[in-house]
Amino acid sequence: MKHLIIISLLFATTINAQTAKEIIKKADQLMRSDSNYGEFKMTIVKTDWTRTFGMKSWALEPDFALIYVTEPARDKGTVTLKRKKEVWNWIPSAQKVIKIPPSMMLQSWMGSDFTNDDLVKESSVINDYDHRMIREEDYNDYNCYVIESIPKPDAGVVWGKLLTWISKEQYFQLKTEFYDEDGFLVKTYLGTDIKELGGRMIPTHWEMLPEDRPGEKTEFVYLEIKFNIDVSESFFSEQNMKRVR
Amino acid sequence: MKTYLMLAWRNLWRNKRRTIIASASVFFAVLLALIMRSMQEGSYDYMVDASVSMYTGYIQVHADEYWDKRSIDKSMVYSEEIDSRLENIKHVTLVIPRLESFSLISYEDVTKVASIVGINPETENKMTRLEDKLVDGKYLTNESKGILLSEGLAELLKVGVGDSVVLYGQGYHGVTAADRVPIEGIVKFRLPDLNKTMVYVSLDYSQWLYSADNRLTSLSIMIDEIDNQNVVYENVKSLFDEKYEVMTWTEMMPELVQGIEIDNASGIIMLGILYVIIGFGIFGTVMMMTAERTKEFGILVSIGLKKGKLALISFLESLFLSFIGVAAGVIVSIPILYYYKNNPIELTGEMADMILSYGLEPILPFRFAPNIFIDQFITVFVIALVSVSYPLLFIRKLKPVEAMRK
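Here the protein sequences line up with chains A and B, keeping their order.
Residues 1 to 245 in the numbering used here are what the first sequence lists, from first letter to last.
Residues 246 to 651 in the numbering used here are what the second sequence lists, from first letter to last.
Here it is in structure tokens:
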């Protein structure tokens, strides 16, 4: 009898571990599927100025993504291409493709609160981290799982820990907190404004709030999303960066 | 009085060897102290002067918070009026406008990070002698649409004069700053850090590239003499309100100031030890000389020379002796210091690394300035005079009968 209890306890924890990873996976699937196309506005809010970009993106999860800037005029045509762990930029005014050197990967992308590294790493969260459910709580009227993700020892990740709030029923990723290796909160990612887009109910308004610069943030508002689009690896090429519209 | 002077002078040369030994001890003391101090202060002067004229200037004006954030978003509006008001301040010799930011620089497959500095080519050259560092191509003009590339960076990118590179970064308020530009010239810096990162463009071009019309990240101010720095600082500060920050090189390069302070403290301790050794050296010589002449003093007092007069003669002798030593020390050191001022000693090894880490060339120039000579002249002379008070005391206590029996 005792054995049985111990075994079932062990079993329960493994189920729990699997579930945490699965929950993250489901939330990720909800927002990305295997491939997707999106149109969105990115707004950079600083204490003394604000700037809005219009963008289109194509992604073949988890390794390939291409982002095309539609406005403002001076930046129109700029393309960011992600292939696995590398990032390229196409600069139409200079007619030049630039590969972002490793030393610049932690620099801001397009002046936002995202780094080039964030672009590369966001889709590898599922496999780069060990996930564990630490509690369930209500957040923004949703009953949520709170999942703690600790990077695996060999994962080249800059964060020390992530805390993610995922709603139980719909798998909305409502909030993610990024902690550094000393356990200090660095930035917070919020998903709000849940509505139907691309045939699904999803958060359409995303915000990244840096902890050390109160009053500043980067916002994403999705205008259109299509899931499981017809796109192949060859679409994400240097040649295509110069052609996409 | 003239008689006493004559007597003292003749006494001095009655025993030439004694005089020469005594004044030699003073001479070497002065020479050593002078060389040591000149070397030290010379290296500080050089460090300050080189750092200041290499980049920061003595005083800089930025928009508030720029120095901490180093972001082009913390730039300030530039006007001819500000410029002329600064230039009209007394002791200000140059006002150097700059617009700086980091960008990627790319040629074919190679991309590096560079510091892009928009300059007024003419005034910049007056301050940093940038044109002298040109190794290929030509220098910038106000209308230049090309760049001056540092030699190390050119090597990394494998480019030369006439090639076009792409600059890609962020301009004012997040605007994309990208352009293809020709290389007009290559400049070589002795400092590896600068040599691998610096890119110069004309101010107008950088303002266009970064969409920062009429904006600057810094105004550097050069002054005539470092001693006038505080006066100029107050005057500059009174021209700007709290939306600006006015900083001196001591605030912008605290590590340099601290380095100098630490080094100077140890230098002063060394100098103190040197003075103590010098003092005892001179004192010992004087004591021996006095002991040697005990009998002579005894006889002179016995035959009627007043002790006061004898003391005066002895004092004058010491005065001459010290003066000969100090003067010889100064005269001999002048050509030495002058030579090393113009031909600085080149350092190697650890010392060189330390100085390189401050961003300076590892050379050790001497200071050749009146104050060094005056300071050491006075100090050693005073030490010598204190030592020669011994014969005065000796004469006062002299008992002629006993003295004559020695």
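Yeah, the Cβ is synthetic: ideal placement off N, Cα and C, and Gly gets one too.
Because the structure is a prediction, the values reported are computed rather than measured.
| Query | Result |
| --- | --- |
| Between the alpha carbons of residue 591 of chain B and residue 300 of chain B, how many angstroms are there, rounded? | 22 Å |
| Inspect the beta-carbon positions of residue 393 of chain B and residue 445 of chain B and report whether they are closer than 9 Å. | yes |
| Exposed or buried, residue 141 of chain A, counting other C-beta atoms within 10 Å across all chains shown (16 or more means buried)? | exposed |
| Note the first and the last residue of the continuous alpha helix (DSSP H) segment covering residue 173 of chain A. | Residue 173 of chain A -> not in any alpha helix (DSSP H); beta strand (DSSP E) instead, spanning 173 to 179. |
| Since residue 78 of chain A meets chain B, which of its residues come closer than 9 Å, beta carbon to beta carbon? | 421 and 423 |
| At 8 Å on the CB atoms, spell out the chain A contacts of residue 358 of chain B, in chain order. | 101, 103 and 104 |
| Please report how far the alpha carbon of residue 199 of chain A lies from the alpha carbon of residue 137 of chain A, in whole angstroms. | 28 Å |
| Please name the residues in the stretch 394 to 420 of chain B whose beta-carbon is closer than 7 Å to at least one beta-carbon of chain A, in chain order. | 411, 413, 415, 418, 419 and 420 |
| Can you check which of these residues, A:183, A:176 and A:120, is closest to residue 208 of chain A by C-alpha distance? | A:176 |
| Around the Cβ of residue 372 of chain B, are there at least 16 other Cβ atoms within 10 angstroms (buried) or fewer (exposed)? | buried |
| List, in chain order, every chain B residue whose beta-carbon is nearer than 7 Å to that of residue 193 of chain A. | The premise fails here: residue 193 of chain A is roughly 24 Å from chain B at the closest Cβ pair, so nothing lies under 7 Å. |
| Could you list which residues in chain A have their beta carbon closer than 7 Å to that of residue 351 of chain B, in chain order? | 96 and 98 |
| Name the two residues that bound the continuous beta strand (DSSP E) containing residue 425 of chain B. | 421 to 432 |
| Mind listing which residues of the stretch 476 to 489 of chain B have their C-beta closer than 7 Å to chain A's C-betas, in chain order? | none |
| For residue 280 of chain B and residue 525 of chain B, what's the separation of their Cα atoms in angstroms? | 20 Å |
| Quick check on residue 260 of chain B: does DSSP put it in helix, strand or coil? | coil |
| Using beta carbons (cut-off 9 Å, strictly below), is residue 108 of chain A in contact with chain B? | yes |
| Which residues of chain B have a Cβ atom closer than 7 Å to the Cβ of residue 111 of chain A, listed in chain order? | 415 and 419 |
| Can you tell me whether residue 309 of chain B is helix, strand or coil according to DSSP? | coil |
| Closest by CA to residue 551 of chain B, which one among B:274, B:336, B:566 and B:642? | B:642 |
| From the DSSP output, which residues share a beta bridge with residue 89 of chain A? | A:80 and A:98 |
| For residue 386 of chain B, count neighbouring C-beta atoms within 10 Å of its own C-beta (all shown protein chains included) and say buried if the count is 16 or more, exposed if not. | exposed |
| Would you kindly report the start and end of the unbroken beta strand (DSSP E) that includes residue 490 of chain B? | 489 to 493 |
| In three-state terms, what does DSSP make of residue 109 of chain A? | coil |
| According to DSSP, is residue 53 of chain A part of a helix, a strand, or is it coil? | strand |
| Quick check on this structure: which residue in B:625, B:346 and B:247 has the alpha carbon closest to the alpha carbon of residue 364 of chain B? | B:346 |
| Would you say residue 42 of chain A and residue 173 of chain A are within 9 Å of each other, going by their C-beta atoms? | no |
| Quick check on DSSP: helix, strand or coil for residue 318 of chain B? | helix |
| Kindly say whether residue 46 of chain A, judged by its beta-carbon, lies nearer than 9 Å to any beta-carbon of chain B. | yes |
| Using a Cβ cut-off of 9 Å, pull out every chain A residue sitting near residue 458 of chain B, in sequence order please. | Residues of chain A passing the Cβ test: none, with the nearest at roughly 13 Å. |
| Chain B beta carbons: is any one of them nearer than 9 Å to that of residue 237 of chain A? | no |
| On a CA-only basis, which of B:464, B:338, B:609 and B:511 is nearest residue 293 of chain B? Give me that one, please. | B:609 |
| At a cut-off of 8 Å, is residue 203 of chain A close to the ligand MN when judged by its beta-carbon and the heavy atoms of the ligand? | Absence of the ligand MN is noted for the structure shown, with no ligands found whatsoever. |
| Count the other CB atoms, across all protein chains shown, that sit within 10 Å of the CB of residue 341 of chain B; report buried if there are 16 or more and exposed otherwise. | buried |
| Under three-state DSSP, which class holds residue 630 of chain B? | helix |
| In chain order, what residues of the stretch 295 to 316 of chain B put their CB closer than 7 Å to some CB of chain D? | You won't find chain D in this structure, because its protein chains are A and B. |
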